[in-house]
Amino acid sequence: MAEIVLMRNFSNPDSHTLNAYRASGGYAAWDKAREMDPAAITEEVKKANLRGLGGAGFPTGTKWSFIPKAHTGPVYLVVNADEGEPGTFKDRYLLERDPHALIEGMLIAARAIRCTKGFVYIRGEYVEPWRRFSAAVKEAYDAGLLGRGFDVVIHRGAGAYICGEETGLLSSLEGKKGWPKIKPPFPAIKGAFGQPTIVNNVETLCCVPPIVTRGAEWFAGLGTKTQGGTRMYSVSGRVKKPAVYEAPVSITLRQLIETAGGVSATGRLKAVVPGGGSAAILTADEIDVAMDVDGLKAAGSMIGSAGVMVMDESVSIPEALMVLARFYAHESCGQCTPCRESTGWIYKMVHRIVEGRGHKDDLDTILDVAKRGAGTTICAFYDGAVGPYISYIEKFRGEFEALIPHA
Amino acid sequence: MTDGAPSTSNRTPAVRAGLADPATVVSFSEAQLGEVRRLQSLYPDPRGALLPVLHMAQETFGYISLEAEEYVAALFDLSPAHVHEVVTFYTLYFRERPGRHVVAVCHNLSCHLAGAPGIIAHVKQKLGIDPGETTEDGRVTFLTVECLCACEAAPMAQVDDRYELNLTPEKIDRLLEGLR
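Those protein sequences? They're chains A and B, same order as listed.
Numbering-wise (our numbering), the first sequence opens with residue 1 and increments by one.
Numbering-wise (our numbering), the second sequence opens with residue 1001 and increments by one.
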């Protein structure tokens, strides 16, 4: 039986309260970390092979070490709780069911990067997670855990997928529209309000207390060679038991689908999106792949936010692409021309294909535009759209062609 | 006044331009102004509190009119144009008064796979309006929205503050009947 780390407290109906968190050993990691040298905390997280669980998969300890040593002004910790990647719902569970794990992770991270103020950016639609997390922050202040060298400000978003992109999030936090910023400078050098800033995902920070308590070796040993730990896989779509499942990052996609009860509807697998809407699609023959950062990369896709969407034989792939293309057209922030224009036009083209009005050249035009635009924009949003455009069409071209008159 | 308008007028530019509803009273109470100052003090630059204060404005005034934008801009010493740019960027700020309830049905992939198109068609038929519209009696605004991240319970919708999960036409009927 695999070890449950992140969801260890979920079965307790009071898991969101300070009493329950303490009763299960909560804040022991902070008691230990507050006696540790900040650099030693970062070193431990590096050795644990913790990689960012929001989407990019960047090594967390390495990110922390980018804060300029000579900097004497403020440093900020910003928690990305702007969960919005299609097919992902894990951070919602953590905010609602284990908010103190996030607060404890923030306290430890703040010590590591010598930060006295943290911002938690929660998507505006997450009302219940916001209430739960706010109540936990109040408990932590009342208990003297917060407010003694580290303060937490909760900041609610207002509905914009792009604010999940870390520099878009920082723009939004600064009271602007959520336009991403050109990197470099990276946030660790010049981030929120012009100061060095570490942006970490909710789940990533929730991994930190167990690393401190049980050690880097233990955490690294749970995963693969290049990524430690377990993570929370959001599994939805055509499976019998859609839910969030925690598993070591070495689990294969096939095992994960089996864990979720297997394929529903026709019972025959057609395709899977392994890492949220922006991940390239995998066919039924491609699911013997490890669900870690490097495993999915080698398979030509990405683990992203670990949002797994399963499609059985009866699902129309062109229709699925149309739904995602509509999403990208709606959420493009409009800053970079290739993204703003292509997402709109590609949606219109996929839409007309699905309606049986596609043109003979549409598929090649989409592929051409997608491939030429990738890598030309300020942030990774358009690259995230290109993944589905290309993979859905290249892997299921016949299904698209069948809808196009005179193809 | 620097824009050439009669200097005796203390009306806001939006009112003078005929763009705002002059009947709308836009001003926070003393207590709310205190809360604005508290929020502004939480950020290294006070304008970090712009989104939270816009949330407050929407809760107070029902939506964010051009007048409300100008009012909030003045609280931050920002141009109304900056605030307008922010308000129009995000989906949760309403620029017209919405219905008393907002029903936002997710139409992204997992919900789509679980039958969202049928749910959307059902709501459309029940309310007699299209997504983006409000019922004539001002009771319900109906929206379709992108992933709300509750895909394990698809199809789903947000009804005001609540997530309503595992929707069926029957459940939609009960929900809509409960909205007064």
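Think of the CB as a built atom: it goes at the ideal place given N, C-alpha and C, for glycine as much as any other residue.
All values reported here derive from a predicted model rather than from experimental measurement.
Confirm, please, whether the CB-CB distance from R92 (chain A) to E83 (chain A) is below 8 angstroms. yes
Assuming the contact rule is C-beta atoms closer than 8 angstroms, A28 (chain A) and F1089 (chain B) should be a hit. Round their C-beta distance to whole Å, please. Actually they are not in contact, since the Cβ atoms of A28 (chain A) and F1089 (chain B) sit about 43 angstroms apart, beyond 8 angstroms.
When we look at the beta-carbon of T1141 (chain B) and count the other beta-carbons within 10 Å, is it buried (16 or more) or exposed? buried
Scan the stretch 1021-1055 of chain B for residues whose Cβ lies nearer than 8 angstroms to a Cβ of chain A and list them as they occur along the chain. L1042, Y1043, P1044, D1045, R1047, G1048, A1049, L1050, L1051, P1052, L1054 and H1055
8 angstroms Cβ cutoff, V153 (chain A) in contact with chain B: yes
Using a beta-carbon distance below 8 angstroms, is M1 (chain A) in contact with chain B? Per-residue confidence for M1 (chain A) stands at a pLDDT of 49, beneath the threshold of 50, marking its modelled position as unreliable; the derived number appears in the next sentence. Chain B, which has no Cβ nearer than 8 angstroms to the Cβ of M1 (chain A), makes this no.
So is L1066 (chain B) in contact with chain A if we call contact Cβ pairs under 8 angstroms? no
So is the beta-carbon of V45 (chain A) under 7 angstroms away from any non-hydrogen atom of the ligand SAM? Questions concerning the ligand SAM fall outside what the structure shown contains, since it holds no ligand whatsoever.
Assign A243 (chain A) to one of three DSSP states: helix, strand, or coil. strand
For A1114 (chain B) and A1154 (chain B), believed in contact at Cβ under 8 angstroms, the rounded distance: 4 angstroms
Interface flag, H351 (chain A) vs chain B, CB-CB below 8 angstroms: no
Three-state secondary structure (DSSP) of E355 (chain A): coil
Using a C-beta to C-beta distance shorter than 9 angstroms, which residues of chain A count as neighbours of S1079 (chain B)? Under the 9 angstroms cutoff, chain A gives no residues; its nearest Cβ is about 12 angstroms from S1079 (chain B).
When the Cβ atoms of the stretch 127-134 of chain A are set against those of the stretch 1046-1053 of chain B, are three or more pairs found closer than 8 angstroms? no
Tell me the residue span of the alpha helix (DSSP H) that contains M322 (chain A). I317 to E331
What three-state label does DSSP hand Q1158 (chain B) in the structure shown? strand
Answer yes or no: does any C-beta atom of chain B fall closer than 8 angstroms to that of P74 (chain A)? yes
On a CA-only basis, which of A:I404, A:G387 and A:E399 is nearest G356 (chain A)? Give me that one, please. A:I404
Taking the C-alpha atoms as reference points, what is the distance between S236 (chain A) and V308 (chain A)? 6 angstroms
With three or more C-beta pairs closer than 8 angstroms as the rule, is the stretch 387-405 of chain A touching the stretch 272-290 of chain A? yes
Have a look at the DSSP bridge pairing and note the partners of K117 (chain A). A:Y76 and A:D151
Between the Cα of A1150 (chain B) and the Cα atoms of A:V127, A:E166, A:A136 and A:G157, which residue gives the shortest distance? A:V127
First through last residue of the alpha helix (DSSP H) which encompasses M1056 (chain B): L1050 to F1061
Grouping DSSP H, G and I as helix and E and B as strand, with all else coil, what is G1004 (chain B)? A caution first: G1004 (chain B) carries a pLDDT of 44, below 50, which makes its placement in the model unreliable, though a value can still be read off. Here G1004 (chain B) sits in coil by DSSP.
Nearest-angstrom beta carbon gap, E104 (chain A) and P209 (chain A) [assumed within contact, 8 angstroms]: 5 angstroms
Output yes if chain B places a C-beta closer than 8 angstroms to the C-beta of S234 (chain A); else output no. yes
Buried or exposed: N1166 (chain B), going by 16 or more other Cβ atoms within 10 Å of its Cβ? exposed
Pairwise C-alpha distance: T376 (chain A) and H16 (chain A): 43 angstroms
Using a cut-off of 8 angstroms between C-beta atoms, extract the partners of G277 (chain A) located in chain B. N1108, L1109 and C1147
Thinking just about the alpha-carbon of each residue, which of A:Y328, A:V310, A:N80 and A:H351 is nearest to the one in P383 (chain A)? Looking at the sequence provided, one finds Asp at residue 383 (chain A) rather than Pro. Comparing Cα positions, the closest option is A:Y328.
Please name the residue in A:A158, A:R156, A:K183 and A:G157 whose C-alpha comes closest to that of T167 (chain A). A:K183
Are the CB atoms of P68 (chain A) and P248 (chain A) nearer to each other than 8 angstroms? no
Applying a beta-carbon distance threshold of less than 8 angstroms, which residues of chain A neighbour E1091 (chain B)? The question names Glu, yet the displayed sequence has Thr at residue 1091 (chain B). Ordered by position in chain A, the residues that pass the 8 angstroms Cβ test against T1091 (chain B) are A158, G159 and A160.
Distance between H71 (chain A) and K138 (chain A) (C-alpha atoms, nearest Å): 31 angstroms
Can you tell me which of A:A407, A:I287 and A:L107 puts its alpha carbon nearest to the alpha carbon of V254 (chain A)? Rather than Val, the amino acid found at residue 254 (chain A) in this sequence is Arg. The option with the nearest alpha carbon to R254 (chain A) is A:I287.
Check the Cβ-Cβ distances between K395 (chain A) and every residue of chain B, and say whether any is below 8 angstroms. no
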